[in-house]
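Report on one structure; see the data block that follows.
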Amino acid sequence: MVQAIVGANWGDEGKGKITDMLAQEADIVVRFQGGANAGHTIINNYGKFALHTLPSGVFYDHTTSIIGNGVALNIPLLDKEIKGLLERGVPMPHILVSNRAQVVMSYHILLDQYEEERLGGKSFGSTKSGIAPFYSDKFAKIGFQVSELFDEDTLQEKVQRICELKNPLFEHLYHKPALTPEALLEELHGYRDTIAPLVADTGAFLAKALKDGKTVLLEGQLGTLKDPDHGIYPMVTSSSTLAGYGAVGAGVPPYEIKRIVAVSKAYSSAVGAGAFVSEIFGEEADRMRNHGGDGGEYGATTGRPRRMGWFDCVASKYGCQMQGATEVAFTVLDALGYLDEIPVCVGYEIDGEVTTDFPTTVQLEKAKPVLEVLPGWKCDIRGIRKYEELPENCRNYVEFIEKHLGFPITMVSNGPAREDIIYR
4 MVQAIVGANW GDEGKGKITD MLAQEADIVV RFQGGANAGH TIINNYGKFA
54 LHTLPSGVFY DHTTSIIGNG VALNIPLLDK EIKGLLERGV PMPHILVSNR
104 AQVVMSYHIL LDQYEEERLG GKSFGSTKSG IAPFYSDKFA KIGFQVSELF
154 DEDTLQEKVQ RICELKNPLF EHLYHKPALT PEALLEELHG YRDTIAPLVA
204 DTGAFLAKAL KDGKTVLLEG QLGTLKDPDH GIYPMVTSSS TLAGYGAVGA
254 GVPPYEIKRI VAVSKAYSSA VGAGAFVSEI FGEEADRMRN HGGDGGEYGA
304 TTGRPRRMGW FDCVASKYGC QMQGATEVAF TVLDALGYLD EIPVCVGYEI
354 DGEVTTDFPT TVQLEKAKPV LEVLPGWKCD IRGIRKYEEL PENCRNYVEF
404 IEKHLGFPIT MVSNGPARED IIYR
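All letters in the sequence shown, in the order written, are residues 4 to 427 by this note's numbering.
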């Protein structure tokens with residue numbers, strides 16, 4: 004059976020913790036899209052970790068962690084991440100890298116940085132990890148597939164072609180030094196030597212695992228609203244963030260995905276630019292940011308302060324629909340205990356009309372939040388393990404949101420640790 008854990012919103016919903024929890028019961032955990040441009044924070048007996056490329060199953064000796072073909076593979080960062088785990092006493096995980104995954108090159112990262120600089124105030128708020136140039140090259144069919152690292156003739160021919168294509172950009176658009184075939188070849192050889200022990204035909208591995216009745220967990224990065232088709236285009240990422248893409252990015256049949264857990268936070272937060280209807284600002288945002296998450300709402304990859312907002316029922320319902328959620332995990336509920344009243348965005352007013360359907364970006368830019376205010380519970384709920392022991396106003400908040408989402412909230416997270424979870 005295949006299960007997927009995906010974000011219902013802009014990313015940063017607390018998927019790492021939920022994945023880490025469900026990985027205990029899984030045989031295989033697969034990252035199926037995205038690159039090292041977003042991170043999952045996990046707190047366990049070994050300490051606190053921010054994972055960027057590795058799936059969240061790496062802390063269990065019974066799991067195989069797979070980096071699927073849909074991932075933007077930054078080999079030096081993956082290597083650094085593995086070494087970082089070992090240095091902190093985590094046993095070497097069993098990791099397989101798809102021979103069909105493609106490689107993030109150093110020039111992808113440079114192009115990302117140079118383009119954001121060039122755009123100035125009109126930039127996309129990129130993490131400058133090379134993700135957009137990487138996926139552009141993948142679909143322009145000039146990327147390097149992991150399997151190609153082991154074919155010298157292919158590499159020799161392709162590095163020449165890359166220089167011919169990229170150097171006009173480097174020299175004439177960005178006024179930066181040109182690439183050389185020799186340097187690229189050296190870079191690729193280094194990547195080959197680093198990754199060689201981990202490379203496998205992960206598609207065949209997964210097909211056999213499913214035949215043998217193993218449990219596979221697909222781990223998504225970011226969330227619905229960052230999907231290039233269904234999100235807040237163009238302020239999106241460059242690979243599909245939807246559970247449906249898990250079939251493609253991991254190489255499993257779509258009909259095998261039986262359970263889809265959409266993760267949504269008890270309030271809204273986002274990193275990067277783009278429409279964000281329920282956003283709050285100033286002191287109000289600072290208070291929420293510093294109460295939120297474990298140690299505050301700052302990007303796991305960038306350290307940037309996240310943009311904050313009230314829970315958005317319109318965006319979240321849409322996010323769950325697009326993911327095909329079978330259930331919802333509701334996280335960081337404990338962070339709202341300081342509030343006397345909690346506004347919730349239940350609709351969008353666009354040109355004088357109220358809608359509960361999530362619009363396209365052009366309309367979204369005009370949307371104003373329609374807020375309904377609920378009473379707060381004014382106490383610390385960490386440590387509570389039974390739903391019925393939560394304060395009444397806290398339960399009312401969860402049930403109010405569940406009703407607006409139209410999807411069952413089966414898990415409520417009320418703290419950063421693995422055991423801070425309430426099952427409903």
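Beta carbons are placed, not taken as given, at the ideal position from N, Cα and C, and that holds for glycine.
query: Which whole runs of the beta strand (DSSP E) in the segment 35-83 are 3 residues long or more, in chain order?
result: As far as the segment 35-83 is concerned, its whole beta strand (DSSP E) runs of at least 3 residues are 43-47, 50-54 and 67-70.
task: Could you check if residue 316 is buried or exposed, using at least 16 other CB atoms within 10 Å of its CB as the buried criterion?
output: The residue in question, residue 316, is buried, as its Cβ has 16 or more Cβ neighbours within 10 Å.
- request: Assuming residue 183 and residue 40 form a contact by the criterion Cβ under 8 Å, report the distance between their Cβ atoms to the nearest whole angstrom.
  value: Incorrect: roughly 27 Å between the Cβ atoms, too far for contact.
- prompt: Rounded to whole angstroms, how far is the Cβ of residue 19 from the Cβ of residue 74, which I believe are closer than 8 Å?
  reply: Going by Cβ atoms, the distance from residue 19 to residue 74 rounds to 16 Å, so no, they are not a contact pair.
- prompt: Are the Cβ atoms of residue 413 and residue 400 separated by less than 8 Å?
  reply: Taking a C-beta distance under 8 Å as the contact criterion, residue 413 and residue 400 do not qualify as a contact pair.
query: Excluding the five sequence neighbours on either side, which residues of its own chain have a C-beta within less than 7 Å of the C-beta of residue 78, listed in chain order?
result: Excluding five sequence positions before and after residue 78, the CB atoms of its chain that fall closer than 7 Å to its own CB belong to 106, 194, 197 and 198, given in chain order.
query: Of all the alpha helix (DSSP H) runs that stay within the bounds of the segment 149-208, which reach a length of 4 or more residues?
result: Complete alpha helix (DSSP H) runs here, min 4: 155-171 and 184-198.
task: Would you check if the segment 382-392 and the segment 362-369 touch, i.e. whether three or more CB-CB distances between them fall below 8 Å?
output: Taking 8 Å as the limit for Cβ pairs, the verdict is that the segment 382-392 does not touch the segment 362-369.
- prompt: Taking all protein chains shown into account, do 16 or more other C-beta atoms lie within 10 angstroms of the C-beta of residue 419, making it buried, or fewer, making it exposed?
  reply: Residue 419 sits buried, since 16 or more C-beta atoms from the chains shown fall within 10 Å of its C-beta.
query: Between the C-alpha atoms of residue 51 and residue 310, what's the straight-line distance to the nearest angstrom?
result: If I take the Cα positions, the gap works out to 23 Å.
- prompt: Taking Cβ positions, are residue 10 and residue 34 nearer each other than 8 Å?
  reply: Pairing residue 10 with residue 34 gives a Cβ-Cβ distance that is not under 8 Å.
query: Is it buried or exposed for residue 122, if we count other Cβ within 10 angstroms and need 16 for buried?
result: Residue burial annotation: residue 122 is exposed, with fewer than 16 other C-beta atoms found within 10 angstroms of its C-beta.
message: Short of 8 Å in beta carbon distance, which residues of its chain neighbour residue 190, apart from the five on each side in sequence? Order them along the chain.
response: Closer than 8 Å at Cβ, skipping near neighbours: 108 and 109.
- prompt: Between residue 162 and residue 187, which are expected to be in contact by the criterion C-beta below 8 Å, what is the C-beta distance as a whole number of angstroms?
  reply: Yes, residue 162 and residue 187 are in contact; Cβ-Cβ is about 4 Å, under 8 Å.
- prompt: How is the alpha helix (DSSP H) around residue 426 delimited, first residue to last?
  reply: Taken as a continuous stretch (DSSP letters only), residue 426 belongs to no alpha helix (DSSP H), being part of the beta strand (DSSP E) at 424-426.
- request: Label residue 65 either buried or exposed according to how many other C-beta atoms from any shown protein chain fall within 10 Å of its C-beta, with 16 as the threshold for buried.
  value: Answer is exposed; the Cβ neighbour count stays below 16.
field: Backbone secondary structure at residue 290 - three-state DSSP
entry: In the three-state reduction of the DSSP assignment, residue 290 falls in the helix class, which pools H, G and I.
message: Can you tell me which residues form a DSSP beta bridge with residue 314?
response: Residue 314 is bridged to 347.
field: Integer Cβ distance of residue 300 from residue 292, believed to fall under 8 Å
entry: Right, their Cβ atoms sit about 4 Å apart.
query: Which residue comes first and which comes last in the beta strand (DSSP E) that contains residue 358?
result: Counting along the chain, the beta strand (DSSP E) containing residue 358 begins and ends at 356-358.
- prompt: Between the Cα of residue 172 and the Cα atoms of 218, 118, 222 and 220, which residue gives the shortest distance?
  reply: Closest by alpha carbon: 118.
message: Measuring straight from C-alpha to C-alpha, what distance separates residue 192 and residue 375?
response: Using only the alpha carbons, I get a separation of about 58 Å.
Limits of the unbroken alpha helix (DSSP H) element including residue 22: Note, residue 22: alpha helix (DSSP H), 18-26.
message: For the pair the segment 317-335 and the segment 237-252, tell me if three or more CB-CB distances fall below 8 Å.
response: Contact between the segment 317-335 and the segment 237-252 is established, with three or more Cβ pairs separated by less than 8 Å.
- prompt: From what residue to what residue does the beta strand (DSSP E) around residue 221 run?
  reply: Its beta strand (DSSP E) spans residues 219-226.
message: Quick check: what's the CA-CA separation for residue 175 versus residue 262?
response: Roughly 50 Å between the two C-alpha positions.
field: Inside the segment 320-407 only - beta strand (DSSP E) runs reaching at least 3 residues
entry: Counting whole runs of 3 or more residues, the segment 320-407 contains the beta strand (DSSP E) stretches 330-334, 344-353, 356-358 and 371-378.
task: In the DSSP assignment, find the unbroken alpha helix (DSSP H) run with residue 139 in it and report its ends.
output: First-last of the alpha helix (DSSP H) with residue 139: 134-142.
- request: Can you grab the Cα-Cα spacing for the pair residue 235 / residue 111, in whole Å?
  value: Going from the Cα of residue 235 to the Cα of residue 111 covers about 23 Å.
- request: Taking the CB atoms as reference points, tell me whether residue 280 and residue 372 lie closer together than 8 Å.
  value: The Cβ-Cβ distance between residue 280 and residue 372 falls below 8 Å.
Alpha-carbon spacing of residue 407 relative to residue 314, whole angstroms: In a straight line, the C-alpha of residue 407 is about 11 Å away from that of residue 314.
query: DSSP state of residue 488, grouped into three classes?
result: Given a span of 4 to 427 for the chain in the structure shown, any question on residue 488 remains unanswerable.
Identity of the residue in 16, 349 and 238 nearest residue 277 by Cα: That would be 238, whose Cα lies nearest to the Cα of residue 277.
query: Going by DSSP, what residues sit across from residue 255 in a beta bridge?
result: Within the DSSP bridge table, the entry for residue 255 names no partner.
task: For residue 101, name the three-state secondary structure that DSSP assigns.
output: In the three-state DSSP reduction, residue 101 falls in the strand class (E or B).
- prompt: By a C-beta neighbour count over all protein chains shown, 10 Å radius and 16 as the cutoff for buried, is residue 343 buried or exposed?
  reply: Residue 343 counts as exposed, since fewer than 16 other C-beta atoms from the protein chains shown sit within 10 angstroms of its C-beta.
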